[in-house]
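There are 2 protein chains.
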Amino acid sequence: MAPEIYVCVTCRRAGEPDIEPRPGVLLAEATERAAAGTEVIVRRLKCLANCTRGPSVALRCNGSWTYLFGGLDPADAGALIDGARLLAGARDGILPWLGRPDVLKRGLIARVPPIGFTESDL
Amino acid sequence: MAPEIYVCVTCRRAGEPDIEPRPGVLLAEATERAAAGTEVIVRRLKCLANCTRGPSVALRCNGSWTYLFGGLDPADAGALIDGARLLAGARDGILPWLGRPDVLKRGLIARVPPIGFTESDL
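Quick note, the sequences are listed as chains B and H, same order. Its first residue numbered 1, the first sequence is counted upward by one per residue in the working numbering. Its first residue numbered 123, the second sequence is counted upward by one per residue in the working numbering.
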């Protein structure tokens, strides 16, 4: 499975008035542009429930953990694509810290294990 | 697939000193006790990267969205089991708001879509 980035198009910036197009839509457009010509798939969806820390995306690929990022900006679209390709190349399904774009460090909201995951040493 | 609750056993409370057993371990123990005799599977893992708002769990079942909750306490274990069973009965894979235990409303951190999800009206 190619890496997928789900972009929440309903995201606003916390504490800011509602404007159109929403910041989430602008992020989706920028991410779609940045993904053009790559193997990364960008999908729009309506809510990742990270409303207090948007704009938000979820990132995953085949058998990987799923990563949630927040506080994003259209200028971060290239970093999202870089992160998606980094995850796609990670054999353990974990997004490496080394080489990870800074915005995917400071913007990390949470991560979710792949289906069927069991911790090996617990 | 039976509903699964992943409990992060490395969670501490933000701003509190490190104590043993960690609050995440106490939550895992309470959740395992509350799940006894139900179909709910409780799995321990090491980090959901929700470190600023722990203790944390992830909840999902077959084909459902995955829900992340934070700020939890061992006293919330019963609510987690109730929520897991509510999700297991949701045909659309979405945890209903109506009837959802309060702690799974105020403690919601984020949600991620099932594998292969596409928004139907975007």
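Positions of the beta carbon are idealized from the N, C-alpha and C atoms, including for glycine.
inquiry  = Within the continuous beta strand (DSSP E) that includes isoleucine 5(B), where are the two ends?
reply    = As a working mapping, residue 5(B) is identified with position 5 in the first sequence. From DSSP, the beta strand (DSSP E) with isoleucine 5(B) extends over 4-8.
request  = Taking only the alpha-carbon atoms, compute the straight-line gap between valine 7(B) and proline 96(B) and give it to the nearest angstrom.
outcome  = Translated into positions along the first sequence, residue 7(B) becomes position 7. Translated into positions along the first sequence, residue 96(B) becomes position 96. Spanning the two alpha carbons is a distance of roughly 21 angstroms.
inquiry  = alanine 77(B) and alanine 30(B) - do their beta-carbons sit closer together than 7 angstroms?
reply    = As a working note, residue 30(B) is residue 30 in the first sequence. As a working note, residue 77(B) is residue 77 in the first sequence. Cβ distance < 7 angstroms, so alanine 30(B) and alanine 77(B) count as in contact.
query = Terminal residues of the continuous beta strand (DSSP E) containing valine 109(H)?
reply = Because chain H spans 123 through 244 in this model, residue 109(H) falls outside it and cannot be assessed.
task = Kindly indicate which three-state DSSP category leucine 230(H) falls into: helix, strand or coil?
result = If you number the second sequence from 1, residue 230(H) lands on position 108. Residue state, collapsed to three classes: strand.
inquiry  = Below 8 angstroms, how does it come out for the stretch 133-149 of chain H and the stretch 94-111 of chain B: are there three or more Cβ pairs, yes or no?
reply    = no
key: Classification of glutamate 4(B) by the beta-carbon crowding that lies within 10 angstroms, buried from 16 upward   = The residue given as residue 4(B) occupies position 4 in the first sequence. So glutamate 4(B) ends up on the buried side.
ask   = Taking C-beta to C-beta, are alanine 206(H) and valine 162(H) nearer than 7 angstroms?
value = Counting from 1 along the second sequence, the entry for residue 206(H) is found at position 84. Counting from 1 along the second sequence, the entry for residue 162(H) is found at position 40. Yes, the pair counts as a contact, with Cβ atoms nearer than the cut-off.
ask   = Helix, strand or coil for alanine 35(B) per DSSP?
value = Here residue 35(B) refers to the residue found at position 35 of the first sequence. Alanine 35(B): helix per DSSP, three-state reduction.
query = If we call anything under 7 angstroms between Cβ atoms a contact, is leucine 170(H) one with alanine 110(B)?
reply = What you label residue 170(H) is simply residue 48 of the second sequence in a count that begins at 1. What you label residue 110(B) is simply residue 110 of the first sequence in a count that begins at 1. Cβ distance < 7 angstroms, so leucine 170(H) and alanine 110(B) count as in contact.
key: chain H residues whose Cβ lies nearer than 7 angstroms to that of alanine 110(B)   = Here residue 110(B) corresponds to residue number 110 of the first sequence, with the count starting at 1. Residues of chain H passing the Cβ test: Leu170, Ala171, Asn172, Leu190, Ile231, Ala232.
request  = Please go through the same chain and pick out, in chain order, the residues whose beta-carbon is closer than 6 angstroms to the beta-carbon of threonine 66(B), but skip the five residues on each side of it.
outcome  = Here residue 66(B) refers to the residue found at position 66 of the first sequence. So the list reads Ala58, Arg60, Val112, once near-sequence residues are dropped.
message = Considering only the alpha carbon of each residue, which of Ala35(B), Glu32(B), Ile94(B), Gly24(B) lies closest to cysteine 51(B)?
response = In the first sequence, residue 51(B) corresponds to position 51, counting from 1. Checking every option, the nearest Cα to that of cysteine 51(B) belongs to Gly24(B).
request  = Mind listing the chain B neighbours of glutamate 241(H)? Cutoff is C-beta to C-beta under 8 angstroms, in chain order.
outcome  = In the second sequence, the residue the question calls residue 241(H) occupies position 119. Residues of chain B passing the Cβ test: Arg43, Arg44, Leu45, Lys46.
task = Let me know if proline 55(B) comes out buried or exposed under the rule of 16 or more other beta-carbons within 10 Å of its beta-carbon.
result = In the first sequence, residue 55(B) corresponds to position 55, counting from 1. The residue in question, proline 55(B), is buried, as its Cβ has 16 or more Cβ neighbours within 10 Å.
query = By Cβ distance, which residues of its chain are closer than 7 angstroms to leucine 26(B), with the 5 residues on each side in sequence left out?
reply = Here residue 26(B) refers to the residue found at position 26 of the first sequence. Closer than 7 angstroms at the Cβ level, and outside the excluded window around leucine 26(B), lie Pro74.
message = For arginine 182(H), list the residues DSSP reports as bridge partners.
response = Locating residue 182(H) in the second sequence gives position 60, counting from the first residue. According to DSSP, arginine 182(H) bridges with Glu126(H).
key: Min CB distance asparagine 180(H) to chain B below 7 angstroms   = Taking the first residue of the second sequence as 1, we reach residue 180(H) at position 58. For the sequence presented, residue 180(H) should be read as alanine rather than asparagine. Yes, alanine 180(H) lies at the interface with chain B (some Cβ there is under 7 angstroms from its Cβ).
ask   = Do isoleucine 216(H) and alanine 157(H) have their C-beta atoms within less than 7 angstroms of each other?
value = Taking the second sequence and counting its residues from 1, one reaches residue 216(H) at position 94. Taking the second sequence and counting its residues from 1, one reaches residue 157(H) at position 35. It is not a contact, given that the beta carbons lie outside the stated cut-off.
Per-residue burial, arginine 228(H) [other beta carbons within 10 Å of its own, 16 or more giving buried] = The residue labelled residue 228(H) in the question sits at position 106 within the second sequence. Its Cβ having fewer than 16 others within 10 Å, arginine 228(H) is exposed.
key: Against chain H: residues of the stretch 21-41 of chain B by CB proximity under 9 angstroms   = none
message = Taking the beta carbon of alanine 150(H) as the centre, do at least 16 other beta carbons fall within 10 Å, making it buried, or is it exposed?
response = Position 28 of the second sequence, counting from 1, holds the residue named residue 150(H). Under this definition alanine 150(H) is a buried residue.
message = In this structure, how does DSSP classify threonine 188(H) when only helix, strand and coil are distinguished?
response = Stepping through the second sequence from its first residue, residue 188(H) is reached at position 66. Of the three classes helix, strand and coil, the one that applies to threonine 188(H) here is strand, per DSSP.
ask   = Starting from aspartate 195(H) and walking both ways along the alpha helix (DSSP H), at which residues does that stretch end?
value = Position 73 of the second sequence, counting from 1, holds the residue named residue 195(H). Taken as a continuous stretch (DSSP letters only), aspartate 195(H) belongs to no alpha helix (DSSP H), as it is neither H nor E.
message = Can you look up proline 133(H) in the DSSP assignment and give me helix, strand or coil?
response = As a position in the second sequence, residue 133(H) is number 11, starting the count at 1. Contrary to the premise, residue 133(H) reads as cysteine rather than proline in this sequence. Coil at cysteine 133(H), not helix or strand.
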